[in-house]
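Student: Protein chains in written order, with my numbering: chain A, 1 to 450; chain B, 451 to 900.
Handing you a structure now.
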């Protein structure tokens, strides 16, 4: 093939989306993906569901390298580490080969941050990021009774539910004084924590993990001075952008410690755009849609969206990522929580005390069986009255509403305009005649006026 | 009480919302609701679900007149017909009383249109609009085997599913060549019809009902020259604004044969706003959010929204209804269909051939059990590229997405901006990593460009 040579480093959501979109946009291009992973094109978000038996490792991995080669005309080089990138020469060295590129997409993702404490390298101490991690953990879990999860973020909670469902004694240890810190408000997170506690998961809050104890193998975890038995320890303590490759190219790293990107996902070196080099996914920082300035949006859905833009631009076609409200949702056995835009806590970092509106309704008509409570919280900027954040807790149907409020945030709609212009469809089995989102907007408006 | 006197005529969704909001906005006001109905504050949309035993008549009716009197300080006069309204004197005569008003809200709703055919007044020929209708129909259904439903709109289909679930032989007879005509596109409606046919419901299309046959009682229905056995006939052939009261006041009736309203739901007489008189719900026409000009939005959710505005304005507080995309959704035993804005058919009446985008995905991640296909269709104005309509068919989770697309339509977002600015939350149990709505937007954009 004599077309454009496009190299993608990384085979996660961002990398595989970029590769596929680049090939779609320019079928003549020679597209190569280089990855350290052995499995590709799977959703790491799905790993917890394997532990409780809802799905299998095989089902998780959608396509293998051979499929991409044969069906999509994309070369995927697995289990291969990139040893050098030469920006001048435009080439990537990986394994014993050199790959020349016209366009490069860096989608190297992130690594789980494990606090630098004593015992963190003992056997039976895990992170969950790849299918490889997951399979190793699965082995260790076989004989485990007590599992300690470090971190009550969404990944930690999903793992906690899965392992509780698999019959383990689960203790979640969190440094902050609330679950899902940073992105959820304490009142919303408390509903989830309560639900999970009633399902038998133990929470230890405001307790930084100090030490993993054991000889060879983990036996217990010390947090805030107390020991908790642990046959297996899982760290779900957040992720950090993996900057090894960006540093090889001396790309600009921003204040959030991730690769700085332009709207087309192009990267910078010393303040200038680097021709032909793009980045996408957990490795980048990008524009926030609620504040002037960058944000991290380390979500699978964002990675796909950025990957599509990076791939298209790498193929020489126009595309733009825009700005992100970073919508997220987490389903936890009978309760779902989702959010978008800023939480009250995040807003306070910017010196903003948002006005809030909050209402609890139902997911179905009052008289229709099977519904659950639904609590919607909306946050508005007290100066502009723009809606800047939303969170929902309910037994069902959170995702569509979070996407709804994400568009509202991204379009810059004020509370007043939302109250006038938003509408809801209605059917007794699917919601209330005045959707709880609109009822929460009524409350928000009252609090803005009052 | 020496406060403002507010009279509301009608106790449906619009009337009761107006009354409650008026009292909330001005607790000193004397609020009176006058209604011909015996039951108040119920959702007529729920009636089909009683027939299949999912809920009860008692559960349907949320509050009675005594509750409103005692708990909300609102007088509700039931089973009472308004015989005169004097706009000059500002008084309503009903039963043997005269009610003076400072502000009047007309929420008289609509009546089911029954085609003027032979046999329409036979016994066992019904419409479903009130709990009273429903209870009468319930009696008649006891010994019925064959039920013919005239009209394949959402009400007709909901009734068909309920009665099929209750063990009846159900035939739906529709004049047009598709189910859910006018508001759904043929391709989307066909998926629903196919699903219902496989559940044992018979459809007879392009067949205007000519006659109900029987002596005293309905025995069969003739449509397009063929006879269909019918122990019970239900007409679900659309509704018409009930203009009896508006005509007493000589209010302006618009081109859609409904009461013309301003954004605050105030009414007109000979082109001038009538001070203190408002209307809401099925009786009005209001501004469309997708075309310049009026639309009918005869939906429970719209009635509530308009009722809140009318009630607030009747109490002397500011409020505005804005414009409507008339979002709707219909849940039919394993399949849901919803829409918002214009259908392709409706657009064609305005001389517009919309560009469309359509994608079928899943309601959950591919490997997560329990998901169903989800088809999303988006329509854009070929001139401005504004998104003007959307329809979704899936086994679950349609409502939140229809509300999402309603805000997108009402904010005037173009296909290009939507593709850049919209985002989705993601969790394997609740959607795909790229939500099917965004995938449909990709297809729409491709069709706009191509």
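Each residue gets a CB set at the ideal place from its N, CA and C atoms; glycine is no exception.
So, for residue 551 of chain B: in the same chain, excluding its five sequence neighbours on each side, which residues have a beta-carbon less than 6 Å away from its beta-carbon?
Tutor: Taking the second chain and counting its residues from 1, one reaches residue 551 of chain B at position 101. Same-chain partners within the cutoff: 455, 457, 540.
Student: Please confirm whether residue 489 of chain B has its beta-carbon closer than 8 Å to some beta-carbon of chain A.
Tutor: Taking the first residue of the second chain as 1, we reach residue 489 of chain B at position 39. Cβ-Cβ to chain A under 8 Å: no for residue 489 of chain B.
Student: When the Cα of residue 776 of chain B is compared with those of B:487, B:859, B:683, which residue comes out closest?
Tutor: Walking along the second chain from the start, residue 776 of chain B turns up at place 326. When only C-alpha atoms are compared, the closest one is B:859.
Student: Is it a yes or a no for the region 322-338 of chain A touching the region 29-48 of chain A, going by three-plus beta-carbon pairs under 8 Å?
Tutor: As far as the Cβ criterion goes, the region 322-338 of chain A does not touch the region 29-48 of chain A, which means the pair count is below three.
Student: To the nearest whole angstrom, what separates the beta carbons of residue 857 of chain B and residue 328 of chain A, a pair I think is in contact under 8 Å?
Tutor: The residue given as residue 857 of chain B occupies position 407 in the second chain. The residue given as residue 328 of chain A occupies position 328 in the first chain. Wrong, their Cβ atoms sit about 19 Å apart, outside the cutoff.
Student: Identify each residue in the region 380-398 of chain A for which the Cβ-Cβ distance to at least one residue of chain B is less than 8 Å, and report them in chain order.
Tutor: The residues in question are 397, 398.
Student: Could you check if residue 441 of chain A is buried or exposed, using at least 16 other CB atoms within 10 Å of its CB as the buried criterion?
Tutor: Against the first chain, residue 441 of chain A aligns to sequence position 441. Residue 441 of chain A comes out buried.
Student: Measuring alpha carbon to alpha carbon, tell me which of A:308, A:133, A:297 ends up nearest residue 19 of chain A.
Tutor: In the first chain, counting from the first residue as 1, residue 19 of chain A sits at position 19. Residue 19 of chain A has its Cα closest to that of A:308, out of A:308, A:133, A:297.
Student: What residue from B:841, B:655, B:684, B:866 has the CA that sits closest to residue 573 of chain B's CA?
Tutor: Within the second chain, the letter at position 123 stands for residue 573 of chain B. Ranking B:841, B:655, B:684, B:866 by Cα distance to residue 573 of chain B puts B:684 first.
Student: From B:608, B:663, B:841, B:896, pick the residue whose C-alpha is nearest to that of residue 502 of chain B; which is it?
Tutor: Your numbering for residue 502 of chain B matches position 52 in the second chain. It is B:608 whose Cα lies nearest to the Cα of residue 502 of chain B.
Student: So that I know if they touch, is there some Cβ in chain A lying closer than 8 Å to that of residue 895 of chain B?
Tutor: Working through the second chain from its first residue, we reach residue 895 of chain B at position 445. Not one chain A Cβ lies under 8 Å of residue 895 of chain B.
Student: Opposite residue 830 of chain B in the DSSP bridges: which residues?
Tutor: Residue 830 of chain B sits at position 380 when you count from the first residue of the second chain. In the DSSP output, where bridge partners are listed per residue, residue 830 of chain B has B:805, B:837.
Student: Quick check on residue 336 of chain A - is its C-beta less than 8 Å from some C-beta in chain B?
Tutor: Residue numbering aside, residue 336 of chain A sits at position 336 when the first chain is read from its first letter. Closer than 8 Å to some Cβ of chain B, the Cβ of residue 336 of chain A qualifies, so yes.
Student: Is there a Cβ from chain A that is less than 8 Å from the Cβ of residue 884 of chain B?
Tutor: The residue given as residue 884 of chain B occupies position 434 in the second chain. Yes - at least one Cβ of chain A is within 8 Å of the one on residue 884 of chain B.
Student: Taking only runs of the alpha helix (DSSP H) that begin and end inside the region 194-282 of chain A, which ones reach a length of at least 4 residues, in chain order?
Tutor: Correct list: 244-248.
Student: Please state whether DSSP places residue 1 of chain A in a helix, a strand or coil.
Tutor: On the first chain, position 1 is the one that residue 1 of chain A refers to. A caution first: residue 1 of chain A carries a pLDDT of 49, below 50, which makes its placement in the model unreliable, though a value can still be read off. In this structure, residue 1 of chain A counts as coil in the three-state DSSP scheme.
Student: Taking the DSSP output, what are the residues bridged to residue 619 of chain B?
Tutor: Residue mapping note: residue 619 of chain B aligns to position 169 of the second chain, counting from 1. Residue 619 of chain B pairs with B:596.
Student: I need the straight-line Cα distance from residue 226 of chain A to residue 176 of chain A, nearest angstrom please.
Tutor: Walking along the first chain from the start, residue 226 of chain A turns up at place 226. Walking along the first chain from the start, residue 176 of chain A turns up at place 176. Straight-line Cα distance between these residues: approximately 16 Å.
Student: Look at the Cβ atom of residue 387 of chain A, then the Cβ atom of residue 420 of chain A, and state whether they are nearer than 8 Å.
Tutor: The sequence position of residue 387 of chain A within the first chain is 387, counting from 1. The sequence position of residue 420 of chain A within the first chain is 420, counting from 1. Taking 8 Å as the Cβ cut-off, residue 387 of chain A and residue 420 of chain A do not qualify as a contacting pair.
Student: Going along chain A in order, which residues have a C-beta closer than 9 Å to the C-beta of residue 496 of chain B?
Tutor: Taking the first residue of the second chain as position 1, residue 496 of chain B is located at position 46. Neighbours of residue 496 of chain B on chain A, chain order: 365, 367, 368, 428.
Student: Going by the CB atoms, is the gap between residue 624 of chain B and residue 649 of chain B shorter than 8 Å?
Tutor: Locating residue 649 of chain B in the second chain gives position 199, counting from the first residue. Locating residue 624 of chain B in the second chain gives position 174, counting from the first residue. Result no, Cβ atoms of residue 649 of chain B and residue 624 of chain B do not sit closer than 8 Å.
Student: State the Cα-Cα distance for the pair residue 692 of chain B and residue 399 of chain A, rounded to the nearest angstrom.
Tutor: For the purposes of this step, residue 692 of chain B is identified with residue 242 of the second chain, where counting begins at 1. For the purposes of this step, residue 399 of chain A is identified with residue 399 of the first chain, where counting begins at 1. Residue 692 of chain B and residue 399 of chain A: Cα-Cα distance of roughly 39 Å.
Student: Is residue 576 of chain B helix, strand or coil when you go by DSSP?
Tutor: Along the second chain, read from residue 1 onward, the residue named residue 576 of chain B stands at position 126. Reduced to three states, the DSSP call for residue 576 of chain B is strand.
Student: Who are the neighbours of residue 695 of chain B on chain A, taking C-beta pairs under 7 Å?
Tutor: Counting from one through the second chain, the residue named residue 695 of chain B turns up at place 245. Neighbours of residue 695 of chain B on chain A: none; closest Cβ ~23 Å, over 7 Å.
Student: May I have a chain-ordered list of the beta strand (DSSP E) segments no shorter than 3 residues that lie completely inside the region 534-585 of chain B?
Tutor: With a minimum length of 3 residues, the continuous beta strand (DSSP E) runs that stay inside the region 534-585 of chain B are 541-544, 547-550, 553-556, 560-562, 575-577.
Student: Does residue 237 of chain A pass the burial test, meaning 16 or more other C-beta atoms within 10 Å, or should it be called exposed?
Tutor: Numbered from its first residue, the first chain carries residue 237 of chain A at position 237. With 16 or more Cβ atoms within 10 Å of its Cβ, residue 237 of chain A is classed as buried.
Student: For a contact defined as C-beta to C-beta under 7 Å, what are the partners of residue 402 of chain A on chain B?
Tutor: Residue numbering aside, residue 402 of chain A sits at position 402 when the first chain is read from its first letter. Neighbours of residue 402 of chain A on chain B, chain order: 875.
Student: When DSSP builds the beta bridges, which residues end up paired with residue 30 of chain A?
Tutor: Taking the first residue of the first chain as 1, we reach residue 30 of chain A at position 30. A:5.
Student: Give every residue of the same chain whose Cβ lies closer than 8 Å to the Cβ of residue 804 of chain B, excluding the five residues on either side of it in the sequence, and list them in chain order.
Tutor: If you number the second chain from 1, residue 804 of chain B lands on position 354. Answer for residue 804 of chain B: 792, 794, 797, 829, 830, 831, 832, 838, 839, listed in chain order.
Student: For the alpha helix (DSSP H) that residue 880 of chain B lies in, which residues bound it at each end?
Tutor: Taking the first residue of the second chain as 1, we reach residue 880 of chain B at position 430. First-last for residue 880 of chain B: undefined, no H or E at that position.
Student: Less than 6 Å between C-beta atoms, sequence neighbours within five positions excluded: which residues of the same chain meet that for residue 47 of chain A?
Tutor: Indexing the first chain from 1 puts residue 47 of chain A at position 47. Around residue 47 of chain A: 128, 134.
Student: What does the Cβ neighbour count give for residue 878 of chain B, buried or exposed, with the cut at 16 atoms within 10 Å?
Tutor: In the second chain, the residue the question calls residue 878 of chain B occupies position 428. So residue 878 of chain B ends up on the buried side.
Student: State the beta-bridge partners of residue 524 of chain B as determined by DSSP.
Tutor: Taking the first residue of the second chain as position 1, residue 524 of chain B is located at position 74. DSSP, once it has assigned bridges, lists B:481 as partnering residue 524 of chain B.
Student: Starting from residue 495 of chain B, trace the beta strand (DSSP E) in both directions and tell me its first and last residue.
Tutor: Mapped onto the second chain, residue 495 of chain B falls at position 45. Note, residue 495 of chain B: premise wrong, no beta strand (DSSP E); not H, not E.
Student: For a contact meaning CB atoms closer than 8 Å, what does residue 768 of chain B contact in chain A?
Tutor: Residue mapping note: residue 768 of chain B aligns to position 318 of the second chain, counting from 1. What residue 768 of chain B touches in chain A: nothing, since even the nearest Cβ is about 10 Å away.
Student: Using beta carbons (cut-off 8 Å, strictly below), is residue 451 of chain B in contact with chain A?
Tutor: The residue labelled residue 451 of chain B in the question sits at position 1 within the second chain. Only weak support is given to the placement of residue 451 of chain B: the predicted model assigns it a pLDDT of 49, under 50, and the question is left unresolved by the model.
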